[in-house]
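Have a look at the structure below before the remarks.
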Amino acid sequence: DLAAKGPDVEAAKAACESPAEAAAEAEARGAADGLAARFTPAAIDARRCMARIWNGGRGGQCACAPGSGRDFCSRHAKAIPCGRVDKDIPLAKLQEFLRAHEKQKAGPTDAKGQPAGASGGELGEAPAP
């Protein structure tokens, strides 16, 4: 990751991008920020741990108190797989949140992945009463 190597490398990379590439990257970042807002609480409580939590795929803020002088509780001091609640969601985790969101919108499914209660007979026949 070039950003981790410092601002000089990032600036050199930006200088090599065409204006169209730079605009596309900025648009993608903005889109990701908009998507991340779906999984971020409306109000962030600075008195609580600053870890973002999975919360059944809905996102949220950890309810635990942080350690003295720290941003995270003892559990999240070790790892924050969903990122900080006040920062961007790591891309892989954002993709997981989006997949979970789509599943939730689709509703429950049966063991075969079909909508619950929709398993009819052969060739789409209605289920027997």
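Anchor point for the sequence shown: position 101 equals 199 in the numbering used here, and the numbering is continuous, going up by one each time. The beta-carbon is built from N, C-alpha and C at its ideal position, and this holds for glycine as well.
* Considering only C-alpha positions, which residue in the set Ala149, Leu133, Phe137 is nearest to Lys176? -> Taking each of Ala149, Leu133, Phe137 in turn and checking the Cα distance to Lys176, the smallest one comes out for Ala149.
* Taking just the CA atoms, how far does Ala144 sit from Arg173? -> Between Arg173 and Ala144, the alpha-carbon positions lie close to 17 Å from each other.
* Measure how close the beta-carbons of Gly157 and Phe137 come, nearest whole angstrom, since I'm counting them as under 8 Å. => 3 Å between Cβ atoms; contact.
* To do: Label Leu189 either buried or exposed according to how many other C-beta atoms from any shown protein chain fall within 10 Å of its C-beta, with 16 as the threshold for buried.
  => Exposed is the call here.
* Asked: Do Cys147 and Pro164 have their C-beta atoms within less than 7 Å of each other?
  -> Less than 7 Å separates the beta-carbon of Cys147 from that of Pro164.
* Decide if Ala110 is buried, meaning its Cβ has at least 16 other Cβ atoms within 10 Å, or exposed. => Below a pLDDT of 50, predicted positions are generally treated as unreliable, and Ala110, at 48, falls in that range; no measurement from the model is reported.
* To do: Determine the DSSP secondary structure at Arg197, reduced to helix, strand or coil.
  => DSSP places Arg197 in the helix class (H, G or I) of the three-state scheme.
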